[in-house]
Amino acid sequence: MAYEHKKIEAEWQRRWKEQQTFRVENDPSKPKYYALDMFPYPSGAGLHVGHPLGYIASDIVARYKRHCGYNVLHPMGYDSFGLPAEQYAIQTGQHPAKTTEENAARYREQLDRIGFSFDWSREVRTSDPKFYKWTQWIFLQLFNSWYDPRTDKARPISELIERFENSGCQGQDAEVLTGEVEEALGPFTAAEWKGFSERTRQMVLQYFRLAYLSDAWVNWCPALGTVLANDEVKDGVSERGGHPVERKRMHQWSLRITAYAQRLLDGLDELDWSGSLKEAQRNWIGRSTGASVRFPVGDDFIEVFTTRPDTLFGVSFITLAPEHVLVGKYTTDAQRAEVEAYVRSATNRSERERQAEVDKISGVFTGRYAKHPFTGANIPIWVGDYVLAGYGTGAVMAVPGGDQRDWRFAKHFDLPIIAVTEGADISKGADESKDAVICSEGFLKGLKVPDAIGRAIEELEKRGAGEGRINYRLRDAAFGRQRYWGEPIPIYYKDDIPYALPESALPLELPVVDKFQPTETGEPPLARAKQWAWDETKERIVATGEGAPLETTTMPGWAGSSWYYLRYMDPHNEERFASPEALKYWGQIDLYIGGSEHATGHLLYFRFWTKFLYDLGLIPFDEPAKKLVNQGMIQGVSALLPFLGKIGVPKGLEHLSGNSFTAETTPMLYVSGSIAAQGDDAVKQLLIKKFKEYWPAYSDNESLIHLDFKMVPVNIDIKFVDEHNALQIEGFVKEKEGNLAEPRTIDFLRDPDGRVLTIREVEKMSKSKLNVVNPDDIIERYGADTLRLYEMFLGPLEQSKPWDTHGIEGTSRFLKKFWNLFFESDIISVSEEAPTDAEQKVLHATLKKVTEDIGKMSFNTSVAQFMIAANELSALKCHKRDILEPLTIALAPFAPHIAEELWKELGHTESISTAAWPQWHAKFLVESSFNYPISFNGKTRLQLEFPATMDAKAVEAAVLANPEVQQRMEGKAPKKVIVVPKRIVNIVM
RNA sequence: GCCCGGGUGGUGAAAUGGUAUACACGAGGGACUUAAAAUCCCUUGGUCCGUAAGGGCCGUGCGGGUUCAAGUCCCGCCCCGGGCACCA
43 MAYEHKKIEA EWQRRWKEQQ TFRVENDPSK PKYYALDMFP YPSGAGLHVG
93 HPLGYIASDI VARYKRHCGY NVLHPMGYDS FGLPAEQYAI QTGQHPAKTT
143 EENAARYREQ LDRIGFSFDW SREVRTSDPK FYKWTQWIFL QLFNSWYDPR
193 TDKARPISEL IERFENSGCQ GQDAEVLTGE VEEALGPFTA AEWKGFSERT
243 RQMVLQYFRL AYLSDAWVNW CPALGTVLAN DEVKDGVSER GGHPVERKRM
293 HQWSLRITAY AQRLLDGLDE LDWSGSLKEA QRNWIGRSTG ASVRFPVGDD
343 FIEVFTTRPD TLFGVSFITL APEHVLVGKY TTDAQRAEVE AYVRSATNRS
393 ERERQAEVDK ISGVFTGRYA KHPFTGANIP IWVGDYVLAG YGTGAVMAVP
443 GGDQRDWRFA KHFDLPIIAV TEGADISKGA DESKDAVICS EGFLKGLKVP
493 DAIGRAIEEL EKRGAGEGRI NYRLRDAAFG RQRYWGEPIP IYYKDDIPYA
543 LPESALPLEL PVVDKFQPTE TGEPPLARAK QWAWDETKER IVATGEGAPL
593 ETTTMPGWAG SSWYYLRYMD PHNEERFASP EALKYWGQID LYIGGSEHAT
643 GHLLYFRFWT KFLYDLGLIP FDEPAKKLVN QGMIQGVSAL LPFLGKIGVP
693 KGLEHLSGNS FTAETTPMLY VSGSIAAQGD DAVKQLLIKK FKEYWPAYSD
743 NESLIHLDFK MVPVNIDIKF VDEHNALQIE GFVKEKEGNL AEPRTIDFLR
793 DPDGRVLTIR EVEKMSKSKL NVVNPDDIIE RYGADTLRLY EMFLGPLEQS
843 KPWDTHGIEG TSRFLKKFWN LFFESDIISV SEEAPTDAEQ KVLHATLKKV
893 TEDIGKMSFN TSVAQFMIAA NELSALKCHK RDILEPLTIA LAPFAPHIAE
943 ELWKELGHTE SISTAAWPQW HAKFLVESSF NYPISFNGKT RLQLEFPATM
993 DAKAVEAAVL ANPEVQQRME GKAPKKVIVV PKRIVNIVM
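Here the first sequence stands for residues 43 to 1031, numbered as in my numbering.
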């Protein structure tokens, strides 16, 4: 019987669905295993072959764990809120829910065809009100919580209010301010608290809530009309779409992730995540230790953070960020005009400009001086845009002798540069070395940097001028988006003060709007809703204007993805986000697979929410995923052709341009890659020839033809490129012509043999690069099992690698070969004969390798081992049940359809997924002899076979007695003979 | 600049310090076939010597080192990919 992948795969996919083979129940009698993929955003483009890579890997592990007797939770869903659906809605007026629904259906179809063992009964979608009800509910918990630094965990805000009523806000409590530069909240007594108005109390509480509204510097993206989180901005432009981003101060919802900075850092140690990923998170959190130092200015002071308090004696000025609130306060009247002009220009410069012009030094003197806390000297206060508002306190003590940026600023403005370390040449630059010795006069003199830091902090604390401090780069997370297609934030406003909606009002569903764009006044789309206000007494939504206005921003994309993994445990629960029993049973994710692009976004927020829910006692663990693997990117091999974008009209022929060089007559010219590689001259020669073909009248004026041209490589759809990189000209031209708005001639500068060669390049697989390979096409031709095996066979999971469809033949042939072990001219022919030692060895070597490889997530080598087994068993003409049956089970996680079919042919009636994983036995792998490589001075020269049991001494004697060995020794005695039993013999001459 | 990965045949890639290049693609040769497809078999790191059987030398980015033995460990570079960055 021939291996018919189409029939087999369709049949088994149908059966799995019908029999709900992979539906899983919470069954505490069985050990659990939770294998999760990062759920996709269902984009309109559908899946390409890169997407399923991680899904296949986790599916193999999930299926393997089932064979090993685990109860496996292996769900899938959609991160279905997002920008593309909304952009499409703005363009077409179609509700994003509809687009999302269609795209999800398409994803489902594609995923089903690959044969995943997902339990679809647990599917979640973040845009489903039944799901986002709980996203909103968690938001309310954040809003109603604060972070207690004493117990180092989140507590209900009611406890804080109680504390204020009893003892006011003093000391440590007043320290919890985090986020962007804000004016510090002063301490107050219980009596004062009681005297505060409701409004004031609520304002105070904003400083503590884990979800809070504040004026914060945000990344505003005018093109997208929304605020972006720090990790959504790359190089000053939006990660999605590449639009410019500017700094803007806005009333903005934020989440106080900074309260968790230390725990997010510490938690990394126990996680089985890749080193680079942990490193990326550590970087992002950016902990640095140092000191906070206060420089008195009149009755007030400027607080700075420094990692080098040991250089305090080298401070020659202070620099404030242009956005710093104290700038306005300290500027003298004489300097005011200049400072204000500078601040204006600095804040208007986009992040991008600031980054691009790192070398440009700018700043201005405020006219005021601060007092040095140790020496009492007058320290001038400057404003400079090299100081960032969002880091530390937004102010630095400038030590030009010890910090290169300060040094350059000092040089530029001719400020004093004081040496802080011994032997430093401060005329050339700052000495930033950390093993230097401090040379400043005073109590730090002669100390090594680390000792001096400690000593300086001691002294600061003694004098009340500062204290040791830990600072984090991590910022609070911007949580509001000026968008329609996201979770509404369940908040209403009274007197501009935010209040939580009652739980009974959840889910707060997205309102109907006439358009998905911002309002004419620039408010978010939700402000268009006619029914978007809250009636507090009736507890229901009423017409806009009739009740308290509801929040009009929505949550960012990462809200739902921060906790979705919990919902899978109990997806239909209407009472809670998941039952305590389900949470206890399934616990942490045992294996989480996804792309490394989520290193500092999703994966940080996801850990943050988990820790928060843990603090409130809502879940019994404080890290979401024990093990995490980043799958590499599957890259596309693009095909590029140089395109003559601009052909300049030659000198002397300009007068002709009006009639001859029109769009209709000027051809679109593509250049064969091999010609372009020869250089401009070669292209020019051919171009002149072409020119004469098109305008024969000017053939005689060859001296006039000096064409200027510019070659631009353009992406060519890879479906028009054959395996020799040659363009299939006819098909390409036909499609191109069909896409042109106006008819144009399409022509080529061809190779002498008439071919047009494309230039191949490996880059990201994407629609715009026309290099996308669709899994559907591969499955149609080769089958899902072949696709699964091939994706795994390409190389290590974590590594990026280019997709090359040609290589798939190998895995396809393997499956046919495997199939043929069971059949002899169309009929199943499996013998019940007892296997030979050689056959057992093949089987057990394979079981051993595959079992170990799955544990290491080394799937490429397991596939190779299956190939070896199939090759060897074919050579042994082995068709024995005792060998083939366990092998089929071992193959099942990788190629489930063919395994099911063969399992059925072997006479089984139940799905192979219920079969127990076959154990390997060492006894079948014992070798009776070993073929020793005999090397001389480390170079292998010959091989000699000895019994495996022979000891080192005997092997040595036998080797030295061998005539060929003796011949090579030329009668000389070896200096040394190394014998490693069952490994190697090395003779040192 | 700092922090992580990674450089091995024509290609994707294997290799607890112990026979470098498993497995697969591609290429070349052959069998079957009227032919093609499919399938099967052989060869395939470079180079030199030899009619041949066979043998020598060189080879894992570069230069050193440790070791009986290094793709693997150590030191110093180069290149590629990713992350962070006027971060005080």
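For every residue, glycine included, the Cβ atom is placed at its ideal position computed from N, Cα and C. From a predicted model like this one, the values you see are computed outputs, not experimental measurements.
Leaving out five residues on either side along the sequence, give the residues of the same chain with a beta carbon under 6 Å from the beta carbon of residue i.
i           : result
residue 541 : 534
residue 814 : 90 and 807
Rounded to whole angstroms, what's the CA-CA distance from residue i to residue j? Just pull it up for me.
i            : j           : result
residue 898  : residue 634 : 14 Å
residue 48   : residue 267 : 48 Å
residue 457  : residue 338 : 20 Å
residue 844  : residue 678 : 6 Å
residue 104  : residue 140 : 32 Å
residue 952  : residue 60  : 14 Å
residue 1003 : residue 993 : 16 Å
residue 57   : residue 943 : 11 Å
residue 367  : residue 507 : 21 Å
residue 223  : residue 609 : In this predicted model, residue 223 has a pLDDT of only 37, less than 50, meaning its place in the structure is not dependable; the value taken from the coordinates is given anyway. Roughly 36 Å separates the two Cα atoms.
residue 155  : residue 904 : 23 Å
residue 189  : residue 961 : 51 Å
residue 321  : residue 80  : 20 Å
residue 313  : residue 838 : 21 Å
residue 607  : residue 956 : 26 Å
residue 486  : residue 447 : 23 Å
residue 906  : residue 900 : 11 Å
Give every residue of the same chain whose Cβ lies closer than 8 Å to the Cβ of residue i, excluding the five residues on either side of it in the sequence, and list them in chain order.
i           : result
residue 701 : Here the model assigns residue 701 a pLDDT of 46, short of 50, so the residue's position is not dependable and the matter cannot be decided.
residue 918 : 878, 880, 881 and 884
Can the beta-carbon of residue i be found closer than 8 Å to that of residue j?
i            : j           : result
residue 543  : residue 550 : yes
residue 842  : residue 674 : yes
residue 274  : residue 280 : yes
residue 1007 : residue 974 : no
residue 912  : residue 802 : no
residue 503  : residue 334 : no
residue 233  : residue 208 : no
residue 66   : residue 170 : no
residue 362  : residue 425 : yes
residue 96   : residue 939 : no
residue 827  : residue 876 : no
residue 521  : residue 295 : yes
Here's a check: name, in chain order, each residue in its chain whose Cβ is nearer than 7 Å to the Cβ of residue i, leaving out the five neighbours to either side.
i            : result
residue 1024 : 972 and 990
residue 969  : 990
Name the one or two DSSP bridge partners that residue i has.
i           : result
residue 966 : In the DSSP output, where bridge partners are listed per residue, residue 966 has none listed.
residue 331 : 512
residue 753 : 686
residue 677 : 806 and 844
residue 262 : 269 and 288
So which of the options has the shortest CA-CA distance to residue i?
i           : options                : result
residue 760 : 847, 462, 874 and 839  : 847
residue 895 : 935, 918 and 919       : 935
residue 495 : 469, 809 and 463       : 463
residue 600 : 297, 958, 629 and 417  : 297
residue 515 : 654, 641 and 304       : 304
residue 350 : 62, 491, 450 and 256   : 491
residue 958 : 520, 888 and 929       : 929
residue 166 : 619, 112, 466 and 499  : 619
residue 670 : 637, 789 and 407       : 637
residue 662 : 622, 684 and 683       : 622
residue 840 : 199, 318, 128 and 1031 : 318
residue 316 : 121, 787, 667 and 796  : 667
residue 345 : 417, 328, 238 and 433  : 433
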